[in-house]
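The structure appears right after this line, and notes come after that.
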Amino acid sequence: MTKYPMTVQGARALEEEHAHLTKVLRPKLSQEIGTARELGDLKENAEYHAAREQQGMVEARIRDIEGRMQNAVIIDVTTIEHTGKVIFGTTVEIANCETDESVTYQIVGEDEANIKQRKLSVGSPIARALIGKAEGDVVIVQTPGGPIEYEIVEVRHI
């Protein structure tokens with residue numbers, strides 16, 4: 020069975036979503052299904068079918084979260100000695116060597132990746148190029164538009 024890295028924050032977010040689904044949505048949907056059943060004929064009962072469909076999606080998501088948590092290796096980067104190197108969970112500021120534009124990313128697990136929140140999957144081309152490098156190093160990232168050089172400005176353990 021393959022294990023996947025996950026940050027403490029990512030694990031906490033999945034646990035919170037799981038708790039909401041099991042303690043809030045699941046009972047609510049059960050109640051809605053019961054109420055819809057009381058309305059009579061189930062063949063033409065749109066409320067019943069909608070509630071059942073939503074219940075199926077909620078149950079599938081619950082199973083998905085449970086599977087992800089079972090296969091997760093939770094890594095707390097704050098407990099790892101800071102060496103200045105980019106590792107899973109660190110936050111890294113990089114600067115484009117050509118344009119001097121800088122951007123900050125956190126290297127996270129695949130399930131946590133969200134480019135809008137500046138969270139890069141550990142398997143992304145940028146993260147793969149950065150892992151193991153230190154502040155001041157220049158890395159070349161292969162992109163569809165061609166190679167781009169970045170300098171690692173700062174590495175933080177948050």
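Position in the sequence shown (first residue = 1) + 19 = my numbering.
Just so it is clear, CB atoms sit at the ideal spot from N, CA and C, and this is done for glycine as well.
DSSP three-state assignment for residue i, whether helix, strand or coil
i	result
Pro163	coil
Lys42	helix
Ile177	coil
Glu57	coil
Glu63	coil
Glu78	helix
Glu85	helix
Glu154	coil
Ile171	strand
For residue j and residue i, the rounded distance between their alpha carbons
i	j	result
Arg71	Leu40	15 Å
Glu63	Ser49	19 Å
Lys42	Gln73	15 Å
Gly169	Glu120	Residue 169 is actually Tyr in this sequence, not Gly. Going by the C-alpha atoms only, they are around 10 Å apart.
Val11	Lys152	With the chain represented from 20 up to 177, any question about residue 11 goes unanswered, as that position is not in the structure.
Val122	Leu44	38 Å
Ile94	Thr110	14 Å
Ala65	Val77	18 Å
Ala132	Ala32	13 Å
Glu117	Glu36	42 Å
Val96	Ile177	7 Å
Thr21	Thr54	43 Å
Where the beta strand (DSSP E) containing residue i begins and where it ends
i	result
Val111	110-115
Ala91	91-94
Thr26	23-26
inquiry  = List, from N- to C-terminal side, the beta strand (DSSP E) runs of 3 residues or more that fit wholly inside the stretch 100-152.
reply    = 110-115, 121-127, 138-140
key: Cβ pair count under 8 Å reaching 3, the stretch 21-31 against the stretch 84-94   = yes
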